[in-house]
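Contents: one structure, followed by commentary.
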Amino acid sequence: MSDNNIEVIETNGPEETYALGEKMGRACRPGQVYTLIGDLGVGKTVFTQGLAAGLGIREPVNSPTFTILQVYEEGRLPFYHFDVYRIGDVSEMDEIGYEDCFYGQGVSLIEWANLVPEILPEHYIRITIEKDLQKGFDYRRISVEER
Ligand code: ADP
Ligand code: MG
């Protein structure tokens, strides 16, 4: 598998990570799948909120504690926001009907996608967010990789 097309962006506050998401949201195409990987509190939901705004979604986007999938229909494309942090077994994704999302005409984004590697599609955009406390509390290193 090739590892071309890795882009690294550094941000120094939540508004910059939001703005990156917003820019990517404006460029989203039907059927795209984004995976978001990074520790608790690193900024996955901040990025997701920006991406949703870029899709034209105005209602608030959060990570609901006990809901794996939230669907937003009001934007330019349907937006399927998964947060699988609390998933017990990958079969829960089947029950939710993830395939209709991943292989449909909307945009899917999966927070904690590293917990469900077996169901990721062949092509997706992998976003990894990391802290580096030596560079400051609000510093984030965000890598965007097309796979
Ligand atoms: P996650 O979804 O990864 O658990 P959240 O997006 O809910 O994390 O929370 C990220 C927290 O980190 C927020 O409180 C946000 O204000 C803060 N933060 C500080 N700096 C940044 C940054 N550069 N990018 C994103 N979030 C940041
Ligand atoms: Mg989150």
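Numbering (the numbering used here), first residue to last: 1176 to 1322.
In this text, a Cβ means the ideal position worked out from N, Cα and C, and glycines have one as well.
No experiment lies behind these values; they were computed from the predicted model shown.
The stretch 1266–1279 / the stretch 1181–1201 touching (three or more Cβ pairs under 8 Å): No contact exists between the stretch 1266–1279 and the stretch 1181–1201.
Min CB distance Asp-1313 to chain C below 8 Å: In the structure shown, chain C cannot be found, because there is only a single protein chain.
Check: Thr-1186 C-beta below 7 Å from any heavy atom of the ligand MG: Residue mapping note: residue 1186 aligns to position 11 of the sequence shown, counting from 1. No.
Between the CA atoms of Asp-1258 and Val-1208 - distance to the nearest angstrom: For this step, residue 1208 is matched to residue 33 along the sequence shown. For this step, residue 1258 is matched to residue 83 along the sequence shown. For Val-1208 and Asp-1258, the distance between alpha carbons rounds to 13 Å.
Alpha carbon of Glu-1248 to alpha carbon of Phe-1254, nearest angstrom: Residue mapping note: residue 1248 aligns to position 73 of the sequence shown, counting from 1. Residue mapping note: residue 1254 aligns to position 79 of the sequence shown, counting from 1. Cα to Cα, Glu-1248 sits roughly 6 Å from Phe-1254.
Selected residue, minimal CA-CA separation from Val-1282, among Val-1183, Ile-1181, Lys-1306, Cys-1203: The residue given as residue 1282 occupies position 107 in the sequence shown. That would be Cys-1203, whose Cα lies nearest to the Cα of Val-1282.
Buried versus exposed call for Ile-1302 [16 or more other C-beta atoms within 10 Å across all chains shown]: As a first step, residue 1302 must be located in the sequence shown, where it is residue number 127. It is buried - the Cβ of Ile-1302 has at least 16 other Cβ atoms within 10 Å.
Proximity to Leu-1244 [Cα-Cα], best of Leu-1252, Glu-1267, Gly-1250: Residue mapping note: residue 1244 aligns to position 69 of the sequence shown, counting from 1. If we check each option's Cα against that of Leu-1244, Glu-1267 comes out closest.
Range of the contiguous beta strand (DSSP E) that encloses Leu-1211: On the sequence shown, residue 1211 is found 36 positions in, with the first residue counted as 1. Element bounds for Leu-1211: 1208–1212.
Alpha-carbon to alpha-carbon, Tyr-1314 and Leu-1308: Taking the first residue of the sequence shown as position 1, residue 1308 is located at position 133. Taking the first residue of the sequence shown as position 1, residue 1314 is located at position 139. Each residue's alpha carbon lies about 7 Å from the other.
Heavy atom of the ligand MG within 7 Å of Ser-1283 beta-carbon: One-based indexing of the sequence shown puts residue 1283 at position 108. Ser-1283 Cβ: outside cutoff for every heavy atom of the ligand MG.
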